[in-house]
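Chains A and B, in that order, give the protein sequences.
Heads up, the numbering used here is the position in the first sequence plus 828, with the first residue counted as 1.
Heads up, the numbering used here is the position in the second sequence plus 7, with the first residue counted as 1.
Yeah, the Cβ is synthetic: ideal placement off N, Cα and C, and Gly gets one too.
Remember, it's a predicted structure, so these values are computed and weren't measured experimentally.
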Amino acid sequence: MIGRLALLAALSGAAATGQLQLFVRDGPGSERPAGHTLDFGSVPSGDVREIPLRIRNLGDAAVTLERFRIRPPGSPFTLDGHPSIPHVVAPGWNVDFRVRFRPPGSGDWSAVLEINELSFLLAGQSPPTAILAVEDRGQFQALSAGETVVFGRIERAGRLSRRFRLTSPPEATVTVAALSLDAGPFESSDLPGTPLTLRPGAAVEFTITYAPVRAGIHRSVLRLEQRSFILEGVAYDPPLPKPAILLEPETLESARQAKVRITLPAPAPASGSGELSIEFQPSVQPAGEDAAIIFVNGQGRSIAFTVREGDSAARFGAEEAAVFQTGTTAGSLVLVARLGAHTVRHTVQIPATAVVIDSAAGRRSAREIEVEIRGFDNSRSARELTFTFYDTQGRPLAGQPIRADVAEAFRRYFESTTVGGMFALTARFPVSGDPSLVGAVEVQFTSAPGPSAKRRIAF
Amino acid sequence: MRTMWVRRFVHVFVPAAFVAAGQLQVPFIGYLTDSSGELRAVTGVGGNLLLSDPVAKSVRAAAFAGPFGLMHVGDRLLLVGPGLELIASMPGVSSEALVAVSPALPLAVAWLQASGEICALRPEQGGGSDCFPVSLEGTVQAIGVTSEASAMLAVERNRALWLALVDLEKRHTVRQMRLVGVAPPVALLGEEILYCREGELVVRRADGAEIRTPSPVEAPEFDLVGRGWVSLRDSAGARWILRVSGERLEVFRLPGGAP
């Protein structure tokens, strides 16, 4: 044992002088009077031990702290969290601080803590111990117990290695009784076995490799005797490949339910999640809203999807495809897939078409005939509706066809609706004579793209 | 001669402004009840459908077709109009009820499972109900309206499905016939039977002719949504809607549900 620092002076004061008294804080809400000596015990070289302290004013008058120091300067004992002086301590009040012991080498160490007229001996020992260091840019940097060694960021399934060195102090032979690495993504193939005897100044090196199999922040512990060193690394998933959007069918028209799949050019190297959304740009006026352009197995115009590691296609919940409605408005429909750093867009045109009659029905009563037509006008340009009534023999009645100008009615309807070009039209025709002799009516719309297919409605 | 008569005496007059603004509206299909008992309006055309926010809750069963609907809400049967306006209410229906309405006739019917009664509700008669017991062996799986004075029940008995025609005026079962090759679940669409077989949805006409289309669901629950529209629901909550029109069946996915 090599004495490094002699006791500088006889202690000049007691643990408590006048109104001030020093306490050791053992824990939250717990304190005990400090003795003349504050013993830090045995601390390995490079490690740190702290003692939390409290100086309390027990008197009835304020006390000004005018001296608050450790002598000699440069000793391994340092103050932390202490007040700058002068500092007034009111009656009954206290000041908390810490004294830290960080021995730079093996041996016995001491110093004196002075607070006004009070003096306390600070004492500690550092046994000869192996010093652990880690290589950093070609230089080995000594590590303190509890210190974290950061390995860095790496793609999952990659490997990052760092070199460590155990060195014996130059003045003593040390024997390392325990050196181990906790289980986890940090591993070492050449970790020295124990007991390990190192002659004065001798060193042994080993490598620790960070080999994560999952993404995330990983920590492990390297244990050297009673000391622990934290090993930390961050792993991230490999980037997912750029997705592709596949439509079924590839060409679309209004009022269709189509499937869309997200495929990958290669099996996904990692699991991930993304979102598929629809953007729509109408090409007609008045455009209005088209609330039916939605994913029917999603929420509105977006749907989440997942990619599992090893899969070449995304899944939408339990389904392999998203199903969406094309609406009833002509325009550009853009499907946007976002997966990782990729954003892929697929544009498909919904062409303007003649009015489509989806269903039609007719009813006869004693005095009138009612015709109901359901369909859509995705060009918003319906202007004429033609009715041709037939008798029960299939021959046109006199005065046919009947043409109706519907442009203004449809324009006003489309300005107010939010469901695209869908409509239900009811037309009533007063009849003179016997309505039962009317056998059918044929209806046809005319709009900007042209005449619609004729629809014959039998009564 | 007849044609000449038509040409001479039948005239179809067109009012100048027959397509007034009020005559154009969003195509309304009917109402759909989901598994949580919420009732939503269904609008749209084939391939382009929309569901409204819930318009009623705690709906145990509902059937809509044409101008009327019959709902089982709480312990009441509610006969409603197309805007859900109340036409009549029948209290005291605390147990399960199967309901049906006619798309063309002013008649709604309900089968009360616990009491084994059939009830007829007629809007034209102020919605008054007429209930009477029907003696049937087996479990009634579906009910439908077949005429102004008759209803049909699909009854499962001894692992077979039977159709029982009930005369609502004479208050008894007119006849029963076994349905060969049909298993529950079924829906009765007037005199037509909707069922699922070997991955297909099948509509069997009264004359035995069948039309079919691939089914997206193995054993769907059927609900009458509107005239010619039947909803299908799978156990995961995904919903489709079947359109029965003429000689064609079409299936569309309904918004909402999985994933």
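Quick one: what does DSSP say residue i is sitting in, helix, strand or coil?
i: arginine 987 of chain A; result: coil
i: glutamine 30 of chain B; result: helix
i: phenylalanine 1215 of chain A; result: strand
i: glutamate 975 of chain A; result: coil
i: glutamate 878 of chain A; result: strand
i: alanine 1276 of chain A; result: coil
i: phenylalanine 139 of chain B; result: strand
i: alanine 1096 of chain A; result: coil
i: glutamate 1243 of chain A; result: helix
i: proline 1263 of chain A; result: helix
i: glutamate 163 of chain B; result: strand
i: phenylalanine 929 of chain A; result: strand
i: glutamate 131 of chain B; result: helix
i: alanine 1182 of chain A; result: coil
i: phenylalanine 1287 of chain A; result: coil
Determine the direct distance from the alpha carbon of residue j to that of residue i, and round the result to whole angstroms.
i: serine 1048 of chain A; j: leucine 1059 of chain A; result: 5 Å
i: serine 873 of chain A; j: proline 997 of chain A; result: 9 Å
i: alanine 1039 of chain A; j: isoleucine 1045 of chain A; result: 12 Å
i: serine 903 of chain A; j: serine 1099 of chain A; result: 55 Å
i: alanine 1286 of chain A; j: glycine 1222 of chain A; result: 10 Å
i: glutamine 183 of chain B; j: glutamate 92 of chain B; result: 36 Å
i: isoleucine 1201 of chain A; j: valine 1183 of chain A; result: 11 Å
i: glutamate 228 of chain B; j: alanine 194 of chain B; result: 9 Å
i: glycine 1278 of chain A; j: serine 1160 of chain A; result: 21 Å
i: valine 189 of chain B; j: cysteine 203 of chain B; result: 8 Å
i: leucine 239 of chain B; j: threonine 1246 of chain A; result: 27 Å
i: threonine 1037 of chain A; j: valine 978 of chain A; result: 12 Å
i: glutamate 945 of chain A; j: proline 900 of chain A; result: 16 Å
i: arginine 1027 of chain A; j: proline 955 of chain A; result: 15 Å
i: leucine 893 of chain A; j: glutamine 969 of chain A; result: 39 Å
i: leucine 1167 of chain A; j: leucine 1074 of chain A; result: 15 Å
i: phenylalanine 1123 of chain A; j: threonine 1156 of chain A; result: 14 Å
i: arginine 1284 of chain A; j: arginine 1231 of chain A; result: 16 Å
i: aspartate 60 of chain B; j: isoleucine 1121 of chain A; result: 17 Å
i: serine 989 of chain A; j: arginine 1055 of chain A; result: 21 Å
i: alanine 1141 of chain A; j: valine 1164 of chain A; result: 16 Å
i: proline 1114 of chain A; j: glycine 151 of chain B; result: 44 Å
i: alanine 1268 of chain A; j: phenylalanine 1217 of chain A; result: 6 Å
Comparing alpha-carbon positions, which option in the options lies nearest residue i?
i: alanine 115 of chain B; options: B:Gly81, B:Gly145, B:Gly90 and B:Met159; result: B:Met159
i: isoleucine 1 of chain B; options: B:Leu119, B:Leu128, B:Val258 and B:Trp118; result: Here chain B covers residues 8 to 266 and nothing more, so residue 1 of chain B does not appear.
i: leucine 143 of chain B; options: B:Trp169, B:Val52, B:Ala70 and B:Cys203; result: B:Trp169
i: leucine 886 of chain A; options: A:Gly1021, A:Thr1003, A:Arg965 and A:Gln849; result: A:Gln849
i: leucine 950 of chain A; options: A:Phe968, A:Ile898, A:Gly1100 and A:Ser1101; result: A:Ile898
i: glycine 1249 of chain A; options: A:Ser1101, A:Val1135 and A:Pro1110; result: A:Pro1110
i: glutamate 257 of chain B; options: B:Gly54, B:Tyr38 and B:Gly37; result: B:Gly54
i: alanine 1188 of chain A; options: A:Val977, A:Phe1251, A:Arg1055 and A:Thr1154; result: A:Phe1251
i: threonine 1175 of chain A; options: A:Val1088, A:Thr1156 and A:Ala1237; result: A:Val1088
i: proline 98 of chain B; options: B:Thr146, B:Arg219, B:Phe35 and B:Ser136; result: B:Ser136
i: threonine 976 of chain A; options: A:Asn922, A:Leu941 and A:Leu960; result: A:Leu960
i: valine 232 of chain B; options: B:Val33, B:Tyr38 and B:Pro34; result: B:Tyr38
i: leucine 112 of chain B; options: B:Leu239, B:Glu131, B:Ile200 and B:Val49; result: B:Glu131
i: arginine 882 of chain A; options: A:Ala1210, A:Val891, A:Val852 and A:Val871; result: A:Val852
i: serine 870 of chain A; options: A:Glu999, A:Gly952 and A:Thr1079; result: A:Gly952
i: serine 1193 of chain A; options: A:Phe868, A:Arg1239, A:Ala1086 and A:Val1259; result: A:Val1259
i: threonine 957 of chain A; options: A:Val1151, A:Ala1268 and A:Ala1000; result: A:Ala1000
i: glycine 920 of chain A; options: A:Ala985, A:Thr1003, A:Val962 and A:Asp888; result: A:Asp888
i: glycine 857 of chain A; options: A:Phe868, A:Asp924 and A:Gln1085; result: A:Asp924
i: proline 1263 of chain A; options: A:Ala1237, A:Thr1254 and A:Glu1198; result: A:Glu1198
For residue i, count neighbouring Cβ atoms within 10 angstroms of its own Cβ and tell me buried if that reaches 16, exposed if not.
i: serine 840 of chain A; result: For serine 840 of chain A, the predicted structure reports a pLDDT of 41, less than 50, and the residue's modelled location is therefore unreliable. A value from the coordinates is still provided. Serine 840 of chain A comes out exposed.
i: serine 222 of chain B; result: buried
i: serine 1207 of chain A; result: buried
i: arginine 246 of chain B; result: buried
i: methionine 11 of chain B; result: Note that methionine 11 of chain B scores a pLDDT of 40, beneath 50, so its modelled location is shaky; the value from the coordinates is reported in the next line. Per the 10 Å Cβ criterion, exposed.
i: arginine 9 of chain B; result: Reliability fails at arginine 9 of chain B, whose pLDDT of 39 lies under 50, so the model's placement of it is uncertain and no value is given.
i: aspartate 1186 of chain A; result: buried
i: glycine 76 of chain B; result: buried
i: valine 106 of chain B; result: buried
Round the Cβ separation of residue i and residue j to the nearest angstrom and send it over; I've been treating them as touching at under 8 Å.
i: glycine 1145 of chain A; j: alanine 1096 of chain A; result: Contact flag wrong, Cβ pair sits at about 17 Å.
i: leucine 85 of chain B; j: serine 96 of chain B; result: 5 Å
i: proline 110 of chain B; j: alanine 70 of chain B; result: With 8 Å as the limit, proline 110 of chain B and alanine 70 of chain B do not qualify as a contact, their Cβ atoms being about 10 Å apart.
i: leucine 1225 of chain A; j: aspartate 1219 of chain A; result: 6 Å
Should residue i be counted as a contact of the ligand GTP given a C-beta to heavy atom distance under 8 Å?
i: isoleucine 883 of chain A; result: In terms of ligand content, the structure shown is empty, and the ligand GTP therefore cannot be addressed.
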